[in-house]
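Only one structure is covered here, and it is reproduced in the block below.
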Amino acid sequence: MNWLADFFGDAAHWSGPDGIPVRLLEHLEFSAAAFLVAALIAVPLGLLIGHTGRGALLVVVAANAARALPTLGLLVLVVLLAGVGTVLPVLIPLIVLAVPPILVNTYEGVRGVDADLRDAAYGMGLRGRQVLFQTLTPVALPLILLGLRLAAIQVVSTATVAAFVGLGGLGRFIIDGLATKTYADVIGGAVLVAALALAVQFAFVLLDRVVVSPGVRQVR
Amino acid sequence: MTEEPLVRWDWIARNWANGGPTAISALLENHVVMAFLPVLFGLVVALPLGLACVRWRWLYQPTVALMNVTYSLPSLVLFSIFLSITGLTRSTVVIPLTFFALAVLIPAVVDGLASVPDPVRQSAVAMGFRPVRRLLRVELPVAVPVVLAGLRVATVSSISLVSVGALIGQGGLGNLFIDGWQRQFYTPIVVGIVLIVVLAVLADGLLVLAQRLLTPWSRARRTA
Chain A
1 MNWLADFFGD AAHWSGPDGI PVRLLEHLEF SAAAFLVAAL IAVPLGLLIG HTGRGALLVV
61 VAANAARALP TLGLLVLVVL LAGVGTVLPV LIPLIVLAVP PILVNTYEGV RGVDADLRDA
121 AYGMGLRGRQ VLFQTLTPVA LPLILLGLRL AAIQVVSTAT VAAFVGLGGL GRFIIDGLAT
181 KTYADVIGGA VLVAALALAV QFAFVLLDRV VVSPGVRQVR
Chain B
1 MTEEPLVRWD WIARNWANGG PTAISALLEN HVVMAFLPVL FGLVVALPLG LACVRWRWLY
61 QPTVALMNVT YSLPSLVLFS IFLSITGLTR STVVIPLTFF ALAVLIPAVV DGLASVPDPV
121 RQSAVAMGFR PVRRLLRVEL PVAVPVVLAG LRVATVSSIS LVSVGALIGQ GGLGNLFIDG
181 WQRQFYTPIV VGIVLIVVLA VLADGLLVLA QRLLTPWSRA RRTA
């Protein structure tokens, strides 16, 4: 607990380019960028594969690969290959690791929609695209949101590790603290990242309340 | 830098088993132990906890909520926090990874037991099975596929997460990433990634095999 007081009580940690506010903003910035790109790739792809049933193998492979690939190794390799010092290469592994959870859950969500419901939608005269967007997507929304939440948490977590290859953000406190054996910084940084991860988790719970149709929630 | 090949086989040959603690084979061994222990501990704890959650339903929601919170914490965060308690030891990696394994395994055990069809349970009661024997001889075997699905996820994640421990000096094959980064040398990084993925695929395959052996009836049904 002394460490926490040391870290948060130190005025130097609250201002300047390596202060907590700046680091937090950096972390949010990188995470949001990677998350948005991943979502823009994975949600449409997941909807398409789920709806058409084509390319299901891709989903399975992506799911397994993402779980087995070591984050740190991927980060180090990509950044070394692309050249140290720029931000863009660091974002690549962040995006790559965020795509599979969204892809898998979106796919599963659309696949898992009751066949009767799908048939009813077609029976009412909806076309393929209308069925996808007006029937399948709203019903699959809880799972799509779960995928987005897992991806967001993954991104926040990977962005922390990415401090090792020079990315800014809250991970800096942990990585630099470890390098200089300043454990107050390590613990302080860890607590900040934990708070951020929990805030993200909470934000998605709220989002779920707001955007999921009450009818769908009841069935669940 | 430009002529540096992605893999230098002679480096691998020289460092595979050089006798020291940084030999690739030594790191591999370390990695396997640190990845396997959390899953084992997780299973040992998840079975009774999962049973308790099935027996007393009110336990389930809070347990799952707690596990969700744990699971959302980045591994590096938990490693850092445990660093202040257990120091630079293997426990600093193994204990947090056990929590991650639990977060996957408890729901798997609960869902697995819930997947036992009621008629099966009732038949067992009618045949005179007492609760404990019914659990061991009927319910747990029927739950095996769901539990093993969770075990596969937990094992593969554990194998890949151990490498993050390299940042606190206990990462098995993850140490190769640090080494490669510090020397701007691709070979150790590639070797680390490949070995971790191969390890994950092997472990996953073994668990699939275990499921086939443990649930011979599912195969019989398919061929019938």
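Protein chains in written order, with full-length UniProt numbering: chain A, 1 to 220; chain B, 1 to 224.
Even glycine gets a Cβ: it sits at the ideal position worked out from N, Cα and C.
Expected contact under 8 Å - CB spacing of residue i and residue j to nearest Å
| i | j | result |
| --- | --- | --- |
| residue 136/A | residue 118/A | 7 Å |
| residue 3/A | residue 187/A | 5 Å |
| residue 99/A | residue 41/A | 6 Å |
| residue 174/B | residue 192/B | 7 Å |
| residue 42/B | residue 110/B | The Cβ separation is near 14 Å, so there is no contact. |
| residue 247/A | residue 213/A | Residue 247/A lies beyond the stretch modelled for chain A, which goes from 1 to 220, so this question has no answer here. |
| residue 61/A | residue 102/A | Contact doesn't hold; Cβ gap of about 15 Å is too wide. |
| residue 127/B | residue 102/B | Actually they do not touch by this definition, with Cβ atoms about 34 Å apart. |
For residue i, the three-state DSSP class (helix, strand or coil)
| i | result |
| --- | --- |
| residue 170/B | coil |
| residue 10/A | coil |
| residue 188/A | helix |
| residue 224/B | The predicted position of residue 224/B is uncertain, since its pLDDT is 46 and thus under 50; a value taken from the coordinates is nonetheless stated next. Note: residue 224/B maps to coil in three-state DSSP. |
| residue 16/B | coil |
| residue 185/B | coil |
| residue 1/B | Low confidence applies here, because residue 1/B scores a pLDDT of 48, under 50, leaving its location unreliable; read the following figure in that light. DSSP places residue 1/B in coil when its eight states are reduced to three. |
| residue 7/B | coil |
| residue 145/B | helix |
| residue 214/A | helix |
| residue 69/A | coil |
| residue 15/A | coil |
| residue 117/B | coil |
| residue 209/A | helix |
| residue 140/A | helix |
| residue 126/A | coil |
| residue 150/B | helix |
| residue 215/B | coil |
| residue 180/B | helix |
Short CB-CB distance (under 7 Å) between residue i and chain B
| i | result |
| --- | --- |
| residue 111/A | no |
| residue 157/A | yes |
| residue 21/A | no |
| residue 194/A | yes |
| residue 187/A | yes |
| residue 56/A | no |
| residue 201/A | yes |
| residue 67/A | yes |
| residue 190/A | yes |
For residue i, the first and last residue of its enclosing alpha helix (DSSP H)
| i | result |
| --- | --- |
| residue 106/A | 88 to 111 |
| residue 134/A | Looking at the DSSP string, residue 134/A is not in any alpha helix (DSSP H), and its letter there is neither H nor E. |
| residue 67/B | 60 to 72 |
| residue 130/B | Here residue 130/B belongs to no alpha helix (DSSP H), and DSSP marks it neither H nor E. |
| residue 164/A | No alpha helix (DSSP H) contains residue 164/A, which DSSP labels as neither H nor E. |
| residue 25/A | 20 to 52 |
| residue 112/B | 91 to 114 |
| residue 34/B | 24 to 55 |
| residue 222/A | This structure leaves residue 222/A out entirely; chain A is present only between 1 and 220. |
| residue 77/B | 75 to 86 |
| residue 172/A | 171 to 180 |
Cβ of residue i within 7 Å of any chain A Cβ
| i | result |
| --- | --- |
| residue 177/B | yes |
| residue 91/B | no |
| residue 207/B | no |
| residue 24/B | no |
| residue 74/B | yes |
| residue 200/B | yes |
| residue 174/B | yes |
| residue 106/B | no |
| residue 115/B | no |
| residue 20/B | no |
| residue 181/B | yes |
| residue 95/B | no |
| residue 160/B | yes |
| residue 112/B | no |
| residue 12/B | no |
| residue 123/B | no |
| residue 5/B | no |
| residue 32/B | no |
| residue 150/B | no |
Residues that residue i contacts on chain B, provided the C-beta gap is smaller than 8 Å
| i | result |
| --- | --- |
| residue 183/A | 83, 84 |
Chain B residues whose Cβ lies nearer than 9 Å to that of residue i
| i | result |
| --- | --- |
| residue 30/A | Within chain B, no residue comes near residue 30/A; the closest Cβ sits about 14 Å away, beyond 9 Å. |
| residue 3/A | 84 |
Residues that residue i contacts on chain A, provided the C-beta gap is smaller than 9 Å
| i | result |
| --- | --- |
| residue 167/B | 72, 161, 164, 174, 175, 178 |
| residue 157/B | 67, 68 |
Short CB-CB distance (under 7 Å) between residue i and chain C
| i | result |
| --- | --- |
| residue 218/B | Given the protein chain composition of this structure (A and B), no chain C is represented. |
Residue i CB to nearest heavy atom of the ligand GTP below 6 Å
| i | result |
| --- | --- |
| residue 57/A | The model depicted lacks the ligand GTP and carries no ligand whatsoever. |
Within chain B, partners of residue i - CB distance below 7 Å
| i | result |
| --- | --- |
| residue 76/A | 177, 180, 181, 189 |
| residue 153/A | 72 |
Listed by chain order, chain A residues near residue i by CB distance under 8 Å
| i | result |
| --- | --- |
| residue 69/B | 198, 201 |
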